[in-house]
Amino acid sequence: MKDARSMEERTKIKETIHLSDLEELEKIVRTSIFDVLVKENCQNSDYFNCGKYISALIKKTVKQPPESFYVIDYLDKIKTEEEFHNWQKAADMCFLLCSIFEERCNHGMMTYDSYLLIGKSLYSTFYSKSKIKIGYLMSSNYKEMVEVTQQAVKTLS
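Per the working numbering: the sequence shown ends with 158, consecutive numbering throughout.
Following this line, the structure appears as structure tokens:
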């Protein structure tokens with residue numbers, strides 16, 4: 002909750018951001034997500050932890066665009082049980098497709114609903130292989146956080 006900022010503060014930050022300032026971008030996205038959570042009365046700490054993860058994911062994506070927009074490419078790289086990072090990358094790609102690049106979801110034989118199911122499952126698998134808590138949180142709150150991120154991104158434009 003201490004990271005949440007008011008709309009007024011976010012507007013001030015938004016007016017002063019420079020495209021090269023990725024730390025400020027992360028703060029703006031995080032604040033926007035937190036604003037949506039507060040507005041929707043979703044004040045559960047799990048949602049706020051997911052919001053922090055998502056804002057860092059968006060910053061990372063802007064800083065270094067993904068190698069591929071195809072989830073299968075990340076799954077194809079998994080050769081051993083210990084390679085949980087590729088499960089995370091595949092799950093992150095599903096999340097980005099569902100929340101930010103929604104128009105790419107209905108490409109080929111895949112649909113938006115397919116990516117929702119697959120993304121949730123991939124975060125669950127990532128958690129079961131790594132025991133990193135954010136995998137569990139993103140899996141448990143996947144659809145809600147997709148919707149919150151969609152709303153948050155719309156307020157930024």
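For glycine and all other residues, C-beta sits at the position ideal for the given N, C-alpha and C.
Do residue j and residue i come within 7 Å of each other at the CB atom, strictly closer than that value?
i	j	result
residue 90	residue 75	yes
residue 157	residue 56	no
residue 23	residue 64	yes
Applying the 10 Å Cβ sphere with the 16-neighbour rule, what's the burial state of residue i?
i	result
residue 2	In this prediction, residue 2 scores a pLDDT of 48, lower than 50, which makes its location untrustworthy; the coordinate-derived value is nonetheless stated afterwards. By the neighbour-count rule (16 or more Cβ atoms within 10 Å), residue 2 is not buried but exposed.
residue 44	exposed
residue 146	buried
If I follow the unbroken alpha helix (DSSP H) through residue i, where does it start and stop?
i	result
residue 152	143-157
residue 115	113-131
residue 90	85-100
residue 48	46-64
residue 81	Residue 81 -> no alpha helix (DSSP H), and no H or E assigned at all.
residue 36	23-40
Enumerate in chain order the residues of its own chain whose CB-to-CB distance from residue i is below 6 Å, with the five nearest sequence positions on each side excluded.
i	result
residue 42	none
Which residues in the same chain as residue i place their Cβ atom closer than 7 Å to its Cβ, once the five residues preceding and following it in sequence are excluded?
i	result
residue 123	88, 91, 92 and 95
residue 106	98, 99, 112, 113 and 116
Could you pull out every residue in the same chain whose Cβ sits closer than 8 Å to the Cβ of residue i, ignoring the five residues on either side in sequence?
i	result
residue 1	Residue 1 is absent from the structure shown; the chain starts at 2 and stops at 158.
residue 18	With a pLDDT of only 49 at residue 18, under 50, the local geometry of the prediction cannot be trusted, and the value read off the model is given with reservation. Counting only Cβ-Cβ distances below 8 Å, and skipping sequence neighbours, we find 25, 26 and 29.
Hey, is residue i close to the ligand ADP, as in C-beta under 6 Å from one of its heavy atoms?
i	result
residue 97	This structure lacks the ligand ADP; in fact it carries no ligand of any kind.
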